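Accompanying notes for the structure given below.
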Amino acid sequence: MLKSELPGHLIRHATLRQLQVFEAVIRLGSFTQAAEELYLTQPTVSIQLKKLADSVGLPLIEQVGRKAQPTEVGRELYQSCREILGSLSDLEAKLADRRGMKRGRLKLAAITTAQYVAPSILGEFARRYPAIDLSLELSNFDNVLGRLASSEDDLYIIGHVPDRLDDVAIYPFAPNPLVVMAPRNHPLVGKRHISINRLAKEYFLMREPGSGTREATLRVFATHQLRPRIRMELGSNEAIKQAVISGLGIAVMSLHSLSAEGTQGPIALLDVVDFPISRQWHIVHPKRKVLSLIAQTFLDFAIQDEARVRAHVDEMLATFERGLAGD
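So for the sequence shown, the numbering used here puts the first residue at 357; every next one is plus one.
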C-alpha cells in the first residue's frame with residue numbers, strides 16, 4: 357500500500373473506538389487497566405487492537421514483561437491518536453460551552469493523598485451540575501506531573517508545587533495540614549507539646565521517596581539536625597493508616613485522611629511541636645492551556661468551596677484540642 361493511500365484506508369477500516377482503545381493501552385501499558393478505564397472487557401480490548409493492527413497491516417504492540425509497549429509503527433500511531441483524540445476532546449469542550457454547561461466532561465488528575473478531599477469537592481460540583489461527566493485519576497506525584505506535562509487532563513490537584521514547574525498556572529484552593537498520627541493506645545497520645553527529639557525515638561511509616569508529605573516531614577526533622585527512624589515504606593495512604601492502627605509505627609499524613617473516622621477514632625493525633633505543617637492544596641494546569649467552560653467553572657467552584665473545606669479542617673482540629681483539654 358502506498359503511503360498516500362494509507363489515510364484513506366484507515367478512514368475506511370479503522371474506528372475511533374479502536375484508536376481510543378489503542379491510545380489507552382499504550383498510555384497505561386496494560387490491557388487490563390485500559391479495559392477498566394474504558395469500561396470494556398479485556399477480550400474486547402484485544403479484539404479491537406487486532407482489528408486496528410489488521411487495518412494498518414503491521415504489528416502495533418509488543419509485550420515486554422508485563423508491560424504493553426508500542427512497536428516503531430505503534431509509536432507513530434500513538435502520537436496520531438493523541439492528536440486526533442485531543443482535537444475531539446477540544447471540540448467536545450467547545451460544544452459544551454455552546455450548550456452552556458448542559459453536557460460535557462471534566463477530567464481531573466490528582467495525587468493519591470487528594471483522594472480524601474477531591475471526591476468531596478467533586479460531589480458538591482456534581483450536585484450543582486448533574487449532567488457533567490466527571491473523571492478522576494488518582495496516581496503518585498511523579499505520574500501526575502507526567503500527565504500534566506503531556507496535558508492529558510483538564511486540571512490537576514497536587515499539594516507541594518515544585519519550583520521547576522514554572523510553566524503552569526497555580527491556584528491555591530484549600531488547606532492541607534499535615535499532622536502526626538499514632539495508634540489510639542500509643543503512650544504519647546494525650547501528651548502536650550511533644551518535642552521533635554522525643555518523636556525521633558519512634559518508628560515511622562512513610563510513603564515512597566518523592567512523596568510531598570515525606571519531603572515535608574524530612575525537612576522538619578532536618579531543621580533539628582535529626583532524621584526519623586523509618587521502619588516501613590508503603591505505597592498508599594490507606595496502607596499507612598492500617599499499619600498505624602496495627603501499631604507498626606507513627607506517621608505524618610494529611611489531616612484530610614481522617615475525614616471519614618475523625619480524630620477520635622482508632623487513629624489518634626499527637627500534639628507535636630512544629631506540627632501541624634501548614635500546607636495548601638493547589639489546582640494547576642499548563643499556562644498555554646485554554647480552559648473549557650466546564651474546567652473554568654470547576655476551578656472557580658473549587659476556590660469558592662475553600663470555606664467549606666476549611667471549616668471541616670478547623671472542626672477536626674478543634675475536636676482534637678478539646679480532647680487534649682479534657683485529659
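Ideal placement from N, C-alpha and C gives every residue a C-beta, glycine not left out.
Since the structure is predicted, the reported quantities are computational estimates derived from the model, not experimental observations.
Checklist entry - How many Å lie between GLY515 and ARG575 at the Cα? => result As a position in the sequence shown, residue 515 is number 159, starting the count at 1. As a position in the sequence shown, residue 575 is number 219, starting the count at 1. So the alpha carbons of these two residues sit roughly 15 Å apart.
Checklist entry - Can you find a CB in chain D that lies within less than 9 Å of the CB of GLY421? => result In summary, chain D is missing from the structure at hand, where a single protein chain is found.
Next on the checklist: From the DSSP secondary-structure annotation, give me the bridge partner or partners of VAL640.
Outcome noted: Along the sequence shown, read from residue 1 onward, the residue named residue 640 stands at position 284. VAL640 is bridged to TYR512, ILE526.
Checklist entry - Nearest-angstrom Cα distance between ALA530 and ASN496? => result As a working mapping, residue 530 is identified with position 174 in the sequence shown. As a working mapping, residue 496 is identified with position 140 in the sequence shown. Each residue's alpha carbon lies about 20 Å from the other.
Item to check | ARG383: first and last residue of the uninterrupted beta strand (DSSP E) it sits in | outcome: Start at 1 with the first residue of the sequence shown, and residue 383 comes out as number 27. That residue, ARG383, is in no beta strand (DSSP E); its alpha helix (DSSP H) goes 372–384.
Checklist entry - Hey, ALA651 and ASP510: beta-carbon distance below 9 Å or not? => result Position 295 of the sequence shown, counted from the start, is the residue given in the question as residue 651. Position 154 of the sequence shown, counted from the start, is the residue given in the question as residue 510. In this structure, ASP510 lies closer than 9 Å to ALA651 by Cβ.
Checklist entry - Buried or exposed: where does ARG570 fall if 16 or more other Cβ atoms within 10 Å of its Cβ makes it buried? => result Position 214 of the sequence shown, counted from the start, is the residue given in the question as residue 570. ARG570 should be labelled buried.
Next on the checklist: If you reduce the DSSP assignment to three classes, tell me which class VAL517 lands in.
Outcome noted: The residue labelled residue 517 in the question sits at position 161 within the sequence shown. If DSSP states are grouped into helix, strand and coil, VAL517 belongs with coil.
Checklist entry - Is DSSP giving TYR472 helix, strand or coil here? => result For the purposes of this step, residue 472 is taken as residue 116 along the sequence shown, with counting starting at 1. Note: TYR472 maps to helix in three-state DSSP.
Next on the checklist: Could you give the first and the last residue of the continuous beta strand (DSSP E) run that contains LYS463?
Outcome noted: For this step, residue 463 is matched to residue 107 along the sequence shown. Element bounds for LYS463: 460–467.
Next on the checklist: Suppose you measure from the CA of LEU544 to the CA of ARG583; what does that come to, to the nearest Å?
Outcome noted: What you label residue 544 is simply residue 188 of the sequence shown in a count that begins at 1. What you label residue 583 is simply residue 227 of the sequence shown in a count that begins at 1. The alpha-carbon atoms of LEU544 and ARG583 are separated by roughly 19 Å.
Item to check | Three-way DSSP call (helix, strand, coil) for LEU366 in this model | outcome: Here residue 366 corresponds to residue number 10 of the sequence shown, with the count starting at 1. Three-state DSSP puts LEU366 in a helix.
Item to check | Pairwise C-alpha distance: PRO533 and ALA607 | outcome: Indexing the sequence shown from 1 puts residue 607 at position 251. Indexing the sequence shown from 1 puts residue 533 at position 177. Approximately 13 Å between the Cα atoms of the pair.
Next on the checklist: Whole angstroms are fine: how far does the CA of THR573 sit from the CA of ALA556?
Outcome noted: Working through the sequence shown from its first residue, we reach residue 556 at position 200. Working through the sequence shown from its first residue, we reach residue 573 at position 217. The straight-line gap from Cα to Cα measures roughly 11 Å.
Item to check | N- and C-terminal bounds of the beta strand (DSSP E) containing VAL401 | outcome: Here residue 401 corresponds to residue number 45 of the sequence shown, with the count starting at 1. First-last for VAL401: 398–412, but that is the alpha helix (DSSP H), not the beta strand (DSSP E).
Next on the checklist: Tell me which residue opens and which closes the beta strand (DSSP E) that ILE606 is part of.
Outcome noted: One-based indexing of the sequence shown puts residue 606 at position 250. Per DSSP, ILE606 belongs to no beta strand (DSSP E) and is neither H nor E.
Next on the checklist: Along the chain, where does the beta strand (DSSP E) containing ARG575 start, and where does it finish?
Outcome noted: The residue labelled residue 575 in the question sits at position 219 within the sequence shown. Element bounds for ARG575: not the beta strand (DSSP E) but the alpha helix (DSSP H), 568–578.
Item to check | VAL420 - partner residues in DSSP beta bridges | outcome: Walking along the sequence shown from the start, residue 420 turns up at place 64. When beta bridges are read from the DSSP output, VAL420 appears opposite LYS423.
Checklist entry - What did DSSP end up calling ASP656 once you bin it into helix, strand or coil? => result In the sequence shown, counting from the first residue as 1, residue 656 sits at position 300. Here ASP656 sits in helix by DSSP.
Item to check | Sequence-distant residues of its chain with Cβ nearer than 6 Å to SER613 (five each side left out) | outcome: On the sequence shown, residue 613 is found 257 positions in, with the first residue counted as 1. Excluding sequence neighbours, SER613 sits near TYR472, ASN593.
Checklist entry - Between LEU414 and PHE378, which are expected to be in contact by the criterion C-beta below 8 Å, what is the C-beta distance as a whole number of angstroms? => result For the purposes of this step, residue 414 is taken as the residue at position 58 of the sequence shown. For the purposes of this step, residue 378 is taken as the residue at position 22 of the sequence shown. With a Cβ gap of about 13 Å, LEU414 and PHE378 do not count as contacting.
Checklist entry - Do GLY385 and GLN425 come within 9 Å of each other at the CB atom, strictly closer than that value? => result Here residue 425 refers to the residue found at position 69 when the sequence shown is read from its first residue. Here residue 385 refers to the residue found at position 29 when the sequence shown is read from its first residue. Yes, the pair counts as a contact, with Cβ atoms nearer than the cut-off.
Checklist entry - Who are the near neighbours of SER360 in its chain, counting only those whose CB is closer than 6 Å to its CB and skipping five residues on each side? => result Working through the sequence shown from its first residue, we reach residue 360 at position 4. With a pLDDT of 43 at SER360, under the threshold of 50, the predicted position of this residue should be treated as unreliable, though the coordinate-derived value follows. Result list for SER360: empty, nothing under 6 Å.
Item to check | Beta-ladder partner(s) of MET537, from DSSP | outcome: The residue labelled residue 537 in the question sits at position 181 within the sequence shown. ALA607, LEU625, per the DSSP bridge assignment.
Item to check | Status (buried if at least 16 other CB within 10 Å, exposed otherwise) for ARG483 | outcome: Residue mapping note: residue 483 aligns to position 127 of the sequence shown, counting from 1. By the 10 Å Cβ count, ARG483 comes out exposed.
Checklist entry - For LEU561, which option in ARG554, LEU490, ARG585 has the closest C-alpha, if you only look at C-alpha atoms? => result If you number the sequence shown from 1, residue 561 lands on position 205. Of the candidates ARG554, LEU490, ARG585, the one whose C-alpha sits nearest the C-alpha of LEU561 is ARG585.
Checklist entry - Does the distance from the CB of MET672 to the CB of LEU626 come in under 9 Å? => result As a position in the sequence shown, residue 672 is number 316, starting the count at 1. As a position in the sequence shown, residue 626 is number 270, starting the count at 1. No, the pair does not count as a contact, with Cβ atoms beyond the cut-off.
Checklist entry - Applying the criterion that 16 or more other CB atoms from any shown protein chain within 10 Å of the CB defines a buried residue, is HIS549 buried or exposed? => result Here residue 549 corresponds to residue number 193 of the sequence shown, with the count starting at 1. Answer is exposed; the Cβ neighbour count stays below 16.
Item to check | Selected residue, minimal CA-CA separation from ILE639, among ALA624, TYR512, LYS406 | outcome: Start at 1 with the first residue of the sequence shown, and residue 639 comes out as number 283. Measuring from the Cα of ILE639, the nearest candidate turns out to be TYR512.
Item to check | Rounded separation between PHE481 and GLY546 - CA only | outcome: Sequence index remark: in the sequence shown, residue 481 carries index 125 (1-based). Sequence index remark: in the sequence shown, residue 546 carries index 190 (1-based). If you take the alpha carbons of PHE481 and GLY546, they lie about 38 Å apart.
Checklist entry - Where does LEU582 fall in DSSP's three states? => result Against the sequence shown, residue 582 aligns to sequence position 226. If DSSP states are grouped into helix, strand and coil, LEU582 belongs with coil.
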